[in-house]
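Trainee: Residue numbering for the sequence shown follows numbering that gives the first Met the number 0, beginning at 0 and increasing consecutively.
Could you have a look at this structure, given as structure tokens, before my questions?
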Amino acid sequence: MVLTQRKIVDKRQKVKANTVQNQEMKKYCFQIGFILTLQIAAASLFTIGFLIIGTQQITRNNISAINESSFDRLIIIVVDAMRFDMGNSFPDLPDETTPEFINRVPLIHQLLEQRPQQSAMYKFISDMPTVTTSRLKCITTGAVPAFIDIGTSFSGSSITEDNLLDQLVFGNRNTTEQEKQCQKNDKNIWVLGDDTWTQLYPSQNESSQCSVWSFIDVVPSFTVTAFHENDRTVLRTLVPQILELKNKKHLIKPNWDAFIGHFLGIDHIMHVKTLKNYQYNPDLSVKIDQIDSVLRILVDFIDREEQEIIQEEIKKRQNKEYSHNNNKQLRKGTLLCVFGDHGMTEEGTHGGQNREETDATLFLYSPKPLIAFTTQNEIVDLNVLRNWNKMKSDG
């Protein structure tokens with residue numbers, strides 16, 4: 000009898016223990032399921048909100064005003080990783096503690112002081128990711144790349160959406176007439192230096208896309224140890240072309256309407272040698288000085304061309320040939336645009352959203368007065384640079 004009662008008690012205890020265990024298991028499973036549900040929901044919201052994929056507008060807009068330009072030609076000099084403090088002038092900084100890469104393009108400062116109506120400088124703030132492929136996409140299409148696009152930043156796929164280069168080259172031509180469209184260009188564009196341009200805009204005609212380039216001379220951009228090869232590619236065509244035009248008795252119309260020269264030397268040097276050891280980095284100073292020399296050649300060409308245009312107008316007025324009908328045929332000169340596509344950290348990296356990575360130089364020079372788009376050019380906080388110099392000198 001006693002044994003039977005014990006068995007009954009043991010059985011009840013086992014049942015109770017199993018019940019408690021099952022309840023705990025259910026509770027545990029519910030907690031795990033709840034956490035997994037939250038994680039899936041969070042991942043979905045993150046994917047939908049942050050990793051959004053931008054839509055592309057493949058249909059080309061008809062913009063008649065783009066052909067009513069204020070200039071005959073455009074020279075674009077892209078200095079890869081040209082930080083804002085490289086081109087801007089900081090007169091209050093002491094020379095003995097200021098890094099050599101700051102205030103290194105004196106021509107910009109001279110033009111801003113001597114010809115303020117013809118020159119303008121702005122802080123060019125890049126969106127993230129601050130890498131060349133994304134920056135060029137943004138500049139040419141007007142669309143801000145999504146963060147997820149950083150995955151394709153090192154293997155640029157061709158751009159099929161509406162963009163500035165297509166508008167310049169093919170104008171308002173019907174996109175369905177591919178054969179006729181590819182035979183003749185409205186504008187001739189030359190590109191030299193970084194092959195990222197030809198990755199985004201292929202040189203070979205495709206079934207759905209025509210080449211925008213009239214002349215190409217580019218080299219691969221990811222060989223960071225090659226400090227000079229890319230820049231030589233630009234210089235061997237740009238400098239002789241400009242000097243030949245300038246040395247003519249009368250400037251002739253060049254066979255390009257837009258000239259893109261993309262210099263990579265500064266970017267590569269800062270990647271390899273960084274800015275922390277700038278005092279042991281003479282290559283960087285040489286490269287920035289080289290850019291200053293190139294800009295002087297271009298500005299001299301633009302000024303001389305403007306003098307030729309003025310002389311032509313004077314002669315036409317004297318000969319009474321100046322009228323409303325031939326006013327449109329007057330030459331309009333060349334606009335120079337110099338900018339960095341992104342910045343660079345002292346550690347020699349870029350891609351993020353630090354000020355060192357996002358802030359770059361944008362400089363414009365024109366033979367005639369420029370329209371002031373802002374009331375005052377944004378100047379970096381001098382106190383930040385002074386403190387930075389103080390830390391460098393104390394260290």
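We treat Cβ as the ideally placed atom computed from N, Cα and C, and that holds for glycine.
Because the structure is a prediction, the values reported are computed rather than measured.
Looking only at its own chain, which residues have a Cβ that is under 7 Å from the Cβ of A226, when we skip the five neighbours before and after it?
Mentor: Mapped onto the sequence shown, residue 226 falls at position 227. According to the sequence displayed, residue 226 carries Phe and not Ala. For F226, where only same-chain residues beyond five positions count, the Cβ hits under 7 Å are G264, H267, I268, D282.
Trainee: To the nearest angstrom, report how far apart S272 and I287 are at their CA atoms.
Mentor: What you label residue 272 is simply residue 273 of the sequence shown in a count that begins at 1. What you label residue 287 is simply residue 288 of the sequence shown in a count that begins at 1. The sequence given here has Lys at residue 272, not Ser. About 15 Å.
Trainee: From what residue to what residue does the beta strand (DSSP E) around T333 run?
Mentor: What you label residue 333 is simply residue 334 of the sequence shown in a count that begins at 1. Where T333 is concerned, the enclosing beta strand (DSSP E) stretches over 333 to 338.
Trainee: If you reduce the DSSP assignment to three classes, tell me which class R114 lands in.
Mentor: Sequence index remark: in the sequence shown, residue 114 carries index 115 (1-based). Three-state DSSP puts R114 in coil, outside helix and strand.
Trainee: Please give the ranges of any alpha helix (DSSP H) in the region 249 to 295, keeping only runs that are unbroken, at least 4 residues long and fully inside the region.
Mentor: Counting only runs of 4 or more, we get 264 to 272.
Trainee: Residues bridged to T360 by DSSP?
Mentor: Counting from one through the sequence shown, the residue named residue 360 turns up at place 361. DSSP output for T360 lists K122 as bridge partner(s).
Trainee: Would you call F262 buried or exposed, if buried means 16 or more other Cβ atoms sit within 10 Å of its Cβ?
Mentor: Working through the sequence shown from its first residue, we reach residue 262 at position 263. It counts as buried.
Trainee: Can you find the residues in the same chain that come closer than 6 Å, C-beta to C-beta, to L163, ignoring five residues on each side of it along the sequence?
Mentor: Here residue 163 refers to the residue found at position 164 when the sequence shown is read from its first residue. Closer than 6 Å at the Cβ level, and outside the excluded window around L163, lie T139.
Trainee: Using the rule of at least 16 other Cβ atoms within 10 Å of the residue's Cβ for burial, across every protein chain shown, is F221 buried or exposed?
Mentor: Along the sequence shown, read from residue 1 onward, the residue named residue 221 stands at position 222. Per the 10 Å Cβ criterion, exposed.
Trainee: Need the endpoints of the alpha helix (DSSP H) that G86 sits in, please.
Mentor: Numbered from 1 along the sequence shown, position 87 holds the residue referred to as residue 86. From DSSP, the alpha helix (DSSP H) with G86 extends over 83 to 86.
Trainee: Since W255 contacts S284 with CB under 8 Å, what's their CB separation in whole angstroms?
Mentor: Position 256 of the sequence shown, counted from the start, is the residue given in the question as residue 255. Position 285 of the sequence shown, counted from the start, is the residue given in the question as residue 284. Actually they are not in contact, since the Cβ atoms of W255 and S284 sit about 31 Å apart, beyond 8 Å.
Trainee: Which of helix, strand or coil does DSSP assign to G396?
Mentor: Outside the shown range of the chain, which is 0 to 394, sits residue 396, and nothing can be said about it.
Trainee: State the start and end residues of the unbroken alpha helix (DSSP H) segment that holds I75.
Mentor: Stepping through the sequence shown from its first residue, residue 75 is reached at position 76. Run containing I75: none in the alpha helix (DSSP H); it sits in the beta strand (DSSP E), 72 to 78.
Trainee: Note the first and the last residue of the continuous beta strand (DSSP E) segment covering F214.
Mentor: Taking the sequence shown and counting its residues from 1, the one referred to as residue 214 is at position 215. It spans 212 to 218 - the beta strand (DSSP E) in which F214 sits, taken as one unbroken run.
Trainee: Grouping DSSP H, G and I as helix and E and B as strand, with all else coil, what is V143?
Mentor: By one-based count along the sequence shown, residue 143 stands at place 144. Of the three classes helix, strand and coil, the one that applies to V143 here is coil, per DSSP.
Trainee: Could you check the C-alpha separation between N246 and I75 for me, to the nearest Å?
Mentor: Looking up residue 246 in the sequence shown gives position 247. Looking up residue 75 in the sequence shown gives position 76. Rounded to whole angstroms, N246 to I75 spans 22 Å at the Cα level.
Trainee: Would A42 be called buried (16 or more neighbouring beta carbons within 10 Å of its own) or exposed?
Mentor: Residue numbering aside, residue 42 sits at position 43 when the sequence shown is read from its first letter. Flag for A42 reads exposed.
Trainee: Ordered along the chain, which non-local residues of its own chain (more than five positions away) have a Cβ less than 7 Å from that of G192?
Mentor: Counted from its first residue, the sequence shown places residue 192 at position 193. Counting only Cβ-Cβ distances below 7 Å, and skipping sequence neighbours, we find V217, N229, T232, V233, G260, H261, F262, L263.
Trainee: Is the distance from the Cβ of P366 to the Cβ of D302 below 8 Å?
Mentor: In the sequence shown, residue 366 corresponds to position 367, counting from 1. In the sequence shown, residue 302 corresponds to position 303, counting from 1. Contact flag set, yes.
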